[in-house]
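Engineer:
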Amino acid sequence: MASTCPYALLSFFFFVFIISFLSDAKSPDRQVRFSSTIKSPRLRAEKLIRDLNLFPEQDINMGSDDESLVETPAIVEKQFSFYLLGDPGASVQDLGHHAGYYRLPHTKAARMFYFFFESRNNKNDPVVIWLTGGPGCSSELALFYENGPFQLTSNLSLVWNEYGWDKASNLIYVDQPTGTGFSYTADATDIRHNETGVSNDLYDFLQAFFKEHPQFAKNDFYITGESYAGHYIPAFASRVHQGNKNKEGLHINLKGFAIGNGLTNPSIQYQAYTDYALENKLIQKSDYDRINIKIPDCEQAITDCGNDGEACENAFYVCTSIFSEVMNVAGNINYYDIRKQCEGSLCYDFSNMEDFLNLKTVRDALGVGNRGFVSCSSEVYDAMVRDWMKNLEAGIPALLEDGINVLIYAGDQDLICNWLGNSRWVHVMNWSGQKEFGAASTVPFVSDGKEAGQLKSHGPLSFLKVYKAGHMVPMDQPKAALQMLTSWMHGKLAVTSSTYNVESTL
Ligand SMILES: *[C@@H]1O[C@H](CO)[C@@H](O)[C@H](O)[C@H]1NC(C)=O
Ligand SMILES: *[C@@H]1O[C@H](CO)[C@@H](O)[C@H](O)[C@H]1NC(C)=O
Ligand SMILES: *[C@@H]1O[C@H](CO)[C@@H](O)[C@H](O)[C@H]1NC(C)=O
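Residues -25 to -1, 1 to 481 (mature numbering (1 follows the signal peptide of the UniProt record, and there is no 0)) are what the sequence shown spells out, left to right.
1. Is ASN240 near ligand 3, judged by its Cβ being under 7 Å from some heavy atom?
2. Would you report the Cα separation of VAL293 and ARG17, rounded to the nearest angstrom?
3. Let's see if you can read the secondary structure: which residues bound the alpha helix (DSSP H) around GLN259?
4. In this structure, does DSSP put LEU334 in helix, strand or coil?
5. Locate the alpha helix (DSSP H) running through GLY396, then write down its first and last residues.
6. Quick one: what's got a C-beta closer than 6 Å to ARG95's C-beta in the same chain, skipping five residues either side?
7. Note down, in chain order, each residue of its chain lying with its Cβ closer than 8 Å to the Cβ of GLN54, except the 5 sequence neighbours on either side.
8. In terms of DSSP beta bridges, what is VAL421 paired with?
9. Kindly indicate the opening and closing residues of the alpha helix (DSSP H) around GLU285.
10. Would you check if the segment 229 to 244 and the segment 211 to 221 touch, i.e. whether three or more CB-CB distances between them fall below 8 Å?
11. Between THR82 and ligand 2, is there a pair consisting of the residue's CB and a ligand heavy atom that are separated by less than 7 Å?
12. Could you tell me which of ASN194, MET404 and VAL349 sits nearest to HIS465, measuring between CA atoms?
13. Can you check which of these residues, ARG19, GLY378, PHE125 and SER422, is closest to PRO110 by C-alpha distance?
14. Does the beta-carbon distance from MET37 to GLY200 come in below 8 Å?
15. Run through the DSSP bridge pairs and tell me what ASP312 is partnered with.
16. Between the segment 392 to 407 and the segment 242 to 255, can you find at least three pairs of beta-carbon atoms closer than 8 Å?
17. Using the beta-carbon count (16 or more within 10 Å), is ALA163 buried or exposed?
18. Ordered along the chain, which non-local residues of its own chain (more than five positions away) have a Cβ less than 6 Å from that of PHE(-5)?
19. Report yes if the CB atom of PHE420 is closer than 8 Å to the CB atom of HIS433, and no otherwise.
20. How would you call LEU334, buried or exposed, if buried means at least 16 neighbouring beta carbons within 10 angstroms?
21. To the nearest whole angstrom, what separates the beta carbons of LEU374 and HIS216, a pair I think is in contact under 8 Å?
22. Among all residues, which have a Cβ less than 7 Å from at least one non-hydrogen atom of ligand 2, and in what chain order do they fall?
23. Where does LEU133 fall in DSSP's three states?
24. Answer yes or no: do TYR89 and VAL51 have a C-beta to C-beta separation smaller than 8 Å?
25. In three-state DSSP terms, what is TYR159?
26. Could you pull the DSSP bridge partners for ASN380 from this structure?
27. Please classify ILE268: is it buried, with 16 or more other beta-carbons within 10 angstroms of its beta-carbon, or exposed?
28. Is the segment 367 to 385 close to the segment 178 to 185, with three or more CB pairs under 8 Å?
29. From which residue to which residue does the alpha helix (DSSP H) around TYR248 run?
30. Any contact of the segment 111 to 126 with the segment 348 to 359, i.e. 3+ C-beta pairs under 8 Å?
31. Return the residue from the list PHE291, LEU257 and TRP463 that minimises the CA-CA distance to ILE379.
32. Please work out which residues of its chain come closer than 7 Å, Cβ to Cβ, to TRP400, disregarding the five sequence neighbours upstream and downstream, and give them in chain order.
33. Three-state secondary structure (DSSP) at VAL441?
34. Below 8 Å on the Cβ atoms is my guess for ASP100 versus LEU321; work out the distance and round it to an integer in Å.
35. Decide if the segment 119 to 127 is in contact with the segment 440 to 452; the criterion is three or more beta carbon pairs, one per stretch, under 8 Å apart.
36. Does DSSP put TRP140 in a helix, in a strand, or in coil?
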C-alpha cells in the first residue's frame, strides 16, 4: 500500500496516518508528542487498507504449512489460464502465464508467490519484475489495476489490457515481503524488518526463477515498482549488482530500475509536502508557515535515525505528522490523486481483486489451495516501521557509476509521493553526472502525438514528470506508461522526447 511515500502501501499506496494526529493538528503550537498513546502504525495501516475498500480476512498471511517444506521442490509452478473476455484470437493456453511458489531458502518456513507472464510480443523482450509498495500490499494490485495483461470488470471477468507491460516485457509480479498477498510463512521470525531481509529474499527468488526459466536468463533485466518500492528497488538493485560482482550464482543481466511515485529519500520528500500542497492550493500560506515549523524536527529525527531502530521509529512519528497536518487542512481529498475526493471512507475501490482471487475457480487455476489472500497486510506494514525513514538514495550513485540505468518517474497529481520531492532528491544526489544532469534541459515527453510529461536526462539518469496521473501512473495514463517503459528500456526515452519540437516552458 501505500504508505510509502509515506504512506505508500499500495505500492503504491501509502498509509496515512491522519487519524492519529487529528487532535494534535488542531492545536498548532502544541508539540506533537510521540508516545504510546499514539495509535500504532498498524492501526494506520488498517485505515489505509479500508480507504482502498480492501478487507483482508487476516492481518498477515501466516499459518501452518500444508506440505512438508523439506520435501517440496524449491519452485512449484503451474501454467494457468483465466476465462477472458474479448479474446483477440490467440488461445490463452498459447500464452505463457504461470503462477508459482518459491520456498525462500534463508527462512524457517516462508514461500513467495509470484505471477509470470511471458511477453505478448517477443520472448526476447527484457524481463521486468514489478514490486508494489505498502509496505505490505500485494503486487496483484498493479497486475489488475495498473499494468498487467488483463483488467477486472465489475462482474469479475477479465479483459485484455491493451497497454499491459507484457506487451514489451516478460513480466513478473511477486507478493512480498513475506506475509503479503499469497506469500506466507509458518514462522513469525521470517517476517522482514528492513531492506537487507527484503532484498536477500528477492535475490534468492530471482536466482531460482532464472534457473527454472533458463531461456530468459540472457535477456535484459529491469526492476520496476511504485511507492514503498522506492525503498525496495534501490536495495534490490544493489543486491543483484553485488551478487553479479561477487559471482554468486547466475549472472543477472541487470540493466536498470524504474521507480514510480516512490519514497526513497524521506528527509527531502517530507519537506516537500507543504511546498507541493501550497503550489496546488491544498493549503494556504498561513497553514504552510505553521506546518513548516515541524520540518527541522523531522530533519533532526531522520538524522538521528541512523542505525538506531528506536530513533527511526521516532522519526516516523515526527515526520508523518507533517503529512497528517497537510491532510487535516486539505480535507477529504484523495492523497494519491488530488483531482479526486475520497467518497465516504473510500479513496479507491479495489475490492474486485479480493473477490476475484478468492473465487474457487481462480484459486484452482493458480494452485494456491485454501491459502488466504492478504491484499494488504497491516502487520507487514507495522514490521517495517523502522525502515521507513531510511534514505535509500544512498546506494544509487554507485549503481549509476557502473552504468545501471535509473528512471525516476512521478504522476503530477499525487500528493503522498509527489513529483516535487522526487525531483529534489534526484537533483541533489551526488554522483559524477550531477552537474550535467542539473544543467540538462527539460524536454517534453511525447506519447500519442501529445505532450504527456516532462523529461530530464543525463547519461544513465532520467527524471520524468507524467501529466494527469496520480500515484498509480499506469492506471491513470496506461498508454503513456507503456511507452515510457518501452522507450526507456530501448535507451530511447531522451531521444524520442527531444526530437519532438515544441517549446518547453520548464
Ligand atoms: C461482464 O461484463 C462485461 C462488460 O464489462 C460483459 O461484456 C460480459 O458479458 C459480462 N459477463 C457476464 C457473465 O455477465
Ligand atoms: C535486519 O533485520 C534483521 C532481523 O529481521 C536483523 O537481524 C538485522 O540485523 C537487520 N539488519 C539491519 C542492517 O538493520
Ligand atoms: C560527492 O561524492 C564524492 C565521491 O564519493 C565525495 O568525494 C564528495 O565529497 C561528495 N560531495 C558532497 C558534496 O557530498
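Yeah, the Cβ is synthetic: ideal placement off N, Cα and C, and Gly gets one too.
Structural biologist: Based on what the coordinates show:
1. As a first step, residue 240 is located in the sequence shown; it is residue number 265 there, counting from the start. Taking 7 Å as the cut-off, the C-beta of ASN240 does not count as close to any heavy atom of ligand 3.
2. Position 318 of the sequence shown, counted from the first residue, corresponds to residue 293. Position 42 of the sequence shown, counted from the first residue, corresponds to residue 17. Rounded to whole angstroms, VAL293 to ARG17 spans 16 Å at the Cα level.
3. On the sequence shown, position 284 is the one that residue 259 refers to. From DSSP, GLN259 is part of no alpha helix (DSSP H); its letter is neither H nor E.
4. Your numbering for residue 334 matches position 359 in the sequence shown. Coil at LEU334, not helix or strand.
5. For this step, residue 396 is matched to residue 421 along the sequence shown. Unbroken alpha helix (DSSP H) run through GLY396: 394 to 403.
6. Within the sequence shown, the letter at position 120 stands for residue 95. Cβ within range, chain order: ASP141 and LYS142.
7. To locate residue 54, count along the sequence shown from 1; it is residue 79. Around GLN54: GLN68, GLY71, HIS72 and HIS73.
8. On the sequence shown, position 446 is the one that residue 421 refers to. Answer is GLU426, bridged to VAL421.
9. Here residue 285 refers to the residue found at position 310 of the sequence shown. Element bounds for GLU285: 284 to 305.
10. yes
11. The count along the sequence shown starts at 1 and reaches residue 82 at position 107. For ligand 2, not one heavy atom lies less than 7 Å from the Cβ of THR82.
12. For the purposes of this step, residue 465 is identified with residue 490 of the sequence shown, where counting begins at 1. Cα-wise, what sits closest to HIS465 is ASN194.
13. By 1-based counting over the sequence shown, the position of residue 110 is 135. Of all alpha-carbon atoms in ARG19, GLY378, PHE125 and SER422, the one lying nearest the alpha-carbon of PRO110 is that of ARG19.
14. For the purposes of this step, residue 37 is identified with residue 62 of the sequence shown, where counting begins at 1. For the purposes of this step, residue 200 is identified with residue 225 of the sequence shown, where counting begins at 1. No, the Cβ-Cβ distance between MET37 and GLY200 is not below 8 Å.
15. Sequence index remark: in the sequence shown, residue 312 carries index 337 (1-based). Answer is ASN309.
16. yes
17. Locating residue 163 in the sequence shown gives position 188, where the first residue counts as 1. By the 10 Å Cβ count, ALA163 comes out exposed.
18. Counted from its first residue, the sequence shown places residue -5 at position 21. Caution is warranted here: a pLDDT of 37 is assigned to PHE(-5), below 50, making its placement in the model unreliable, and no coordinate value can be reported.
19. Taking the sequence shown and counting its residues from 1, one reaches residue 420 at position 445. Taking the sequence shown and counting its residues from 1, one reaches residue 433 at position 458. Their beta carbons are not under 8 Å apart, which means PHE420 does not touch HIS433 by this criterion.
20. Working through the sequence shown from its first residue, we reach residue 334 at position 359. Its Cβ having fewer than 16 others within 10 Å, LEU334 is exposed.
21. Position 399 of the sequence shown, counted from the first residue, corresponds to residue 374. Position 241 of the sequence shown, counted from the first residue, corresponds to residue 216. Right, their Cβ atoms sit about 6 Å apart.
22. ARG167, HIS168, ASN169, THR171, GLY172 and ASN282
23. In the sequence shown, residue 133 corresponds to position 158, counting from 1. LEU133: strand per DSSP, three-state reduction.
24. For the purposes of this step, residue 89 is taken as residue 114 along the sequence shown, with counting starting at 1. For the purposes of this step, residue 51 is taken as residue 76 along the sequence shown, with counting starting at 1. Against a cut-off of 8 Å, the Cβ pair of VAL51 and TYR89 comes out as no contact.
25. Residue numbering aside, residue 159 sits at position 184 when the sequence shown is read from its first letter. Residue state, collapsed to three classes: strand.
26. Against the sequence shown, residue 380 aligns to sequence position 405. Per DSSP, GLY231.
27. Within the sequence shown, residue 268 is the residue found at index 293, counting from 1. Per the 10 Å Cβ criterion, exposed.
28. No: the two stretches stay apart, fewer than three of their Cβ pairs being nearer than 8 Å.
29. Working through the sequence shown from its first residue, we reach residue 248 at position 273. Note, TYR248: alpha helix (DSSP H), 241 to 254.
30. yes
31. Here residue 379 is taken as the residue at index 404 of the sequence shown, counted from 1. The residue with the shortest Cα to Cα distance from ILE379 is TRP463.
32. Here the question's residue 400 lines up with position 425 in the sequence shown. So the list reads THR239, ASN240, ILE243, GLN244 and GLU368, once near-sequence residues are dropped.
33. As a working note, residue 441 is residue 466 in the sequence shown. DSSP places VAL441 within a strand segment (E or B) once states are collapsed to three.
34. Translated into the one-based positions of the sequence shown, residue 100 becomes position 125. Translated into the one-based positions of the sequence shown, residue 321 becomes position 346. So it is not a contact: roughly 37 Å between Cβ atoms.
35. yes
36. For the purposes of this step, residue 140 is taken as the residue at position 165 of the sequence shown. It is helical.
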